[in-house]
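Residue numbers (this note's numbering): 96 to 284.
In this text, a Cβ means the ideal position worked out from N, Cα and C, and glycines have one as well.
Have a look at the structure below before the remarks.
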C-alpha cells in the first residue's frame with residue numbers, strides 16, 4: 096500500500112537540498128537516509144534519500160543524484176510516497192493511518208448511525224473526518240478526543256459525541272451576545 100509521506104518544497108542552498116513538508120508522524124522512519132520513495136508525478140522518481148537534517152524547524156533532504164539548485168527546483172511540489180505494509184500500525188496506539196479510518200461506519204455513543212468516513216483532511220489546526228450521511232450530505236467532524244472518543248478498528252466503526260449543530264444545522268445552539276450587557280466593541284468613528 097502507498098502512503099504520501101511528504102511534499103517537496105523549495106530548493107535550499109546551491110547543493111541540491113530541498114525543503115520537505117512532512118506528511119507523516121514517523122519522518123525518522125519514512126524519510127531516513129537510504130529510503131527509496133515513489134513520486135507523484137511518477138516520472139520524477141523513484142527518489143532515494145541521501146541525507147536529511149532539520150534547519151530552522153524545517154526538514155531538509157538531499158536526494159541522490161540531485162546536486163544543483165536547479166535540480167532541486169525541478170522537484171518542487173513532488174509528492175513523496177512510501178510503500179508500507181497495509182497491516183502495519185503506527186507506533187502510538189492513539190494514532191491511525193488514513194486508510195484505517197476511511198470506510199469506517201460512524202455512530203453516536205447512543206448507537207445512532209451517522210454515516211461513513213470518506214476522507215481524512217489534514218488541516219493546520221486539526222484533522223477533520225469527512226463523513227457521508229445516508230442522504231448523501233457530507234459533514235466534517237473534528238478528529239479530536241472530545242468529539243471522537245473511540246476508534247474501533249476491529250468492529251470497523253468510529254464513535255462520536257457530536258455537539259449540537261455539528262450534524263444538523265437546525266440543532267445548532269448559537270451564542271448570541273446579551274443586549275443587557277451592552278456592546279463592548281469600540282466605535283470606529
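*Under a Cβ-count criterion, where at least 16 other Cβ atoms within 10 Å of its own Cβ denotes burial, should residue 220 be classed as buried or exposed?*
exposed
*Taking buried to mean at least 16 other C-beta atoms within 10 Å of its own C-beta, is residue 148 buried or exposed?*
exposed
_Residue closest to residue 122, alpha-carbon to alpha-carbon, out of 140, 109, 155 and 111_ = 155
*For residue 196, which of helix, strand or coil comes out of DSSP?*
helix
*asked:* Between which two residues does the beta strand (DSSP E) holding residue 132 run?
replied: 131–135
*So residue 152 is in the alpha helix (DSSP H); what residue range does that whole segment cover?*
Counting along the chain, residue 152 falls outside any alpha helix (DSSP H), and DSSP gives it neither H nor E.
*Pull up the distance between the alpha-carbon of residue 160 and that of residue 251, whole angstroms please.*
44 Å
*asked:* Check for me: the beta strand (DSSP E) holding residue 206 runs from which residue to which?
replied: Premise fails: residue 206 is in no beta strand (DSSP E) and is neither H nor E.
*Should the region 96–104 be called in touch with the region 170–180, which here means at least 3 C-beta pairs below 8 Å?*
yes
*Secondary structure of residue 258, DSSP reduced to three states*: coil
*Would you kindly check if the distance between the Cβ of residue 164 and the Cβ of residue 109 is under 8 Å?*
yes
*By Cβ distance below 7 Å, which residues in the same chain neighbour residue 239 in space, the five residues on each side in sequence not counted?*
221
*In whole angstroms, what separates the C-alpha of residue 170 from that of residue 132?*
13 Å
*Can you have a look at residue 262 and say buried or exposed, based on whether 16 or more other CB atoms are within 10 angstroms of its CB?*
buried
_Per the DSSP calculation, residue 121 is bridged to which residue(s)?_
Per DSSP, none; premise fails for residue 121.
*What residue does the alpha helix (DSSP H) around residue 104 start on, and which one ends it?*
Here residue 104 belongs to no alpha helix (DSSP H); instead the beta strand (DSSP E) covers 97–107.
*residue 257: buried (16+ other C-beta within 10 angstroms of its C-beta) or exposed?*
buried
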